[in-house]
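One structure is given here, and the rest of the page talks about it.
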Amino acid sequence: MQTRFILIETSHAGNVGAAARAMKVMGFDDLVLVKPRWPNVLRKEETIQRASGANDVLAKARVVETLEEALDGVTHLCATAMTPRDFGPPTRSPREHFAELTKAGAPAQSVAFLFGSERFGMKNEDVYRCNVALSIPTNPQFGSLNLGSAIQVIAYDWRVALGGFPVQDVIAPADKADAQQVAGMLTHWEQALTDIGFLDPAAPKKLMPRLNQLFNRAELSPEEIHILRGVAKAMIQATQAKR
């Protein structure tokens with residue numbers, strides 16, 4: 045699936061930067077601007093600042109004079125229109141439509157998402173030429189989304205439909221302590237619990253086996269074993285100091 049984001053007659057430079065940022069975080073980089081208010085919008089300071097590092101998307105972006113130029117090579121057009129038109133393509137939610145586009149056996153498409161100007165949205169004639177009008181489900185009493193936010197929602201739902209990106213753990217999984225380390229720690233704790241009078245060696249019952257099961261479920265790391273042994277050592281030392 046080739047994906048293109050098309051902004052028609054954008055009036056705010058910051059929204060172009062926000063669009064580039066929203067696209068890049070979802071792995072898209074084909075941006076076309078149709079007759080923006082500022083011919084040099086891709087080089088304006090506000091655009092670059094709002095892009096927050098998505099400069100490669102801005103560098104690749106194109107500015108054209110007509111929508112026909114922007115649609116070159118596109119086979120499936122998605123308008124973004126909050127208000128359904130009496131005449132025109134069906135109105136669907138992004139996820140509903142994307143599920144159809146990406147279902148097994150569906151033909152590969154070159155997809156373009158069209159966004160109208162900030163003040164007036166998409167023109168009727170531009171909506172009519174599209175295959176679908178995407179409407180983001182929002183609060184019925186307040187459905188106003190700024191351009192950058194709308195692009196982010198569409199880009200996210202489309203990326204998820206295409207398979208998404210794996211979630212990266214911030215912290216790498218810790219190594220697990222081996223059985224010998226756990227056994228050594230339990231021996232240390234057995235001594236400490238005996239010293240403080242919590243464990244009666246003459247009648248230990250099932251305390252140590254239960255602690256063994258508890259620590260096994262915890263899947264302790266070597267660092268955690270070290271901490272627990274430090275606690276046991278402190279208990280033993282505190283008891284000895286009182287004698």
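Read left to right, the sequence shown gives residues 45 to 287 (our numbering). Glycine included, C-beta positions come from ideal geometry on N, C-alpha and C. Being a predicted model, the structure only gives us computed values, none of them experimental.
Residue 106, enclosing beta strand (DSSP E) - first and last residue: Stepping through the sequence shown from its first residue, residue 106 is reached at position 62. Looking at the DSSP string, the run of the beta strand (DSSP E) that includes residue 106 is 106–108.
To the nearest angstrom, report how far apart residue 157 and residue 93 are at their CA atoms. Counting from 1 along the sequence shown, the entry for residue 157 is found at position 113. Counting from 1 along the sequence shown, the entry for residue 93 is found at position 49. Cα-Cα distance, rounded: 24 Å.
Check this for me: beta carbons of residue 199 and residue 45, under 7 Å apart or not? In the sequence shown, residue 199 corresponds to position 155, counting from 1. In the sequence shown, residue 45 corresponds to position 1, counting from 1. Contact: no.
Proximity of residue 135 and residue 177 at Cβ, strictly below 7 Å: Here residue 135 refers to the residue found at position 91 of the sequence shown. Here residue 177 refers to the residue found at position 133 of the sequence shown. By the CB criterion at 7 Å, residue 135 and residue 177 fall inside the cutoff.
Inside the stretch 133–216 only - alpha helix (DSSP H) runs reaching at least 4 residues: Listed in chain order, the complete alpha helix (DSSP H) runs (minimum 4 residues) inside the stretch 133–216 are 138–145, 168–172, 191–206.
Going by beta-carbon coordinates alone, are residue 95 and residue 75 separated by less than 7 Å? Within the sequence shown, the letter at position 51 stands for residue 95. Within the sequence shown, the letter at position 31 stands for residue 75. No. Outside cutoff.
Which stretch, first to last residue, makes up the alpha helix (DSSP H) that contains residue 50? For the purposes of this step, residue 50 is identified with residue 6 of the sequence shown, where counting begins at 1. First-last for residue 50: 46–52, but that is the beta strand (DSSP E), not the alpha helix (DSSP H).
Quick one: what's got a C-beta closer than 6 Å to residue 61's C-beta in the same chain, skipping five residues either side? Taking the sequence shown and counting its residues from 1, the one referred to as residue 61 is at position 17. The beta carbon of residue 61 sits closer than 6 Å to the beta carbons of 91, 94, 95 from its chain, once the five residues preceding and following it are set aside; these are given in chain order.
Give the straight-line distance between the Cα atoms of residue 206 and residue 223, rounded to the nearest whole angstrom. By one-based count along the sequence shown, residue 206 stands at place 162. By one-based count along the sequence shown, residue 223 stands at place 179. Roughly 43 Å separates the two Cα atoms.
Helix, strand or coil for residue 56 per DSSP? Position 12 of the sequence shown, counted from the first residue, corresponds to residue 56. Residue 56: coil per DSSP, three-state reduction.
Opposite residue 78 in the DSSP bridges: which residues? By 1-based counting over the sequence shown, the position of residue 78 is 34. Paired residues: 52, 108.
Residue 283: first and last residue of the uninterrupted alpha helix (DSSP H) it sits in: Position 239 of the sequence shown, counted from the first residue, corresponds to residue 283. For residue 283, the enclosing alpha helix (DSSP H) covers residues 266–286.
Would you give the residue range spanned by the beta strand (DSSP E) that residue 123 belongs to? The residue you call residue 123 lines up with position 79 of the sequence shown. Start and end: 120–124.
Integer Cβ distance of residue 81 from residue 54, believed to fall under 8 Å: Position 37 of the sequence shown, counted from the start, is the residue given in the question as residue 81. Position 10 of the sequence shown, counted from the start, is the residue given in the question as residue 54. Residue 54 and residue 81 do touch by the CB rule: their CB atoms are close to 7 Å apart, below 8 Å.
Whole angstroms is fine: what's the gap from residue 190's alpha carbon to residue 139's? By one-based count along the sequence shown, residue 190 stands at place 146. By one-based count along the sequence shown, residue 139 stands at place 95. Going from the Cα of residue 190 to the Cα of residue 139 covers about 20 Å.
Would you please state the rounded distance, in angstroms, between the beta carbons of residue 98 and residue 166? I believe it to be under 8 Å. Translated into positions along the sequence shown, residue 98 becomes position 54. Translated into positions along the sequence shown, residue 166 becomes position 122. With 8 Å as the limit, residue 98 and residue 166 do not qualify as a contact, their Cβ atoms being about 24 Å apart.
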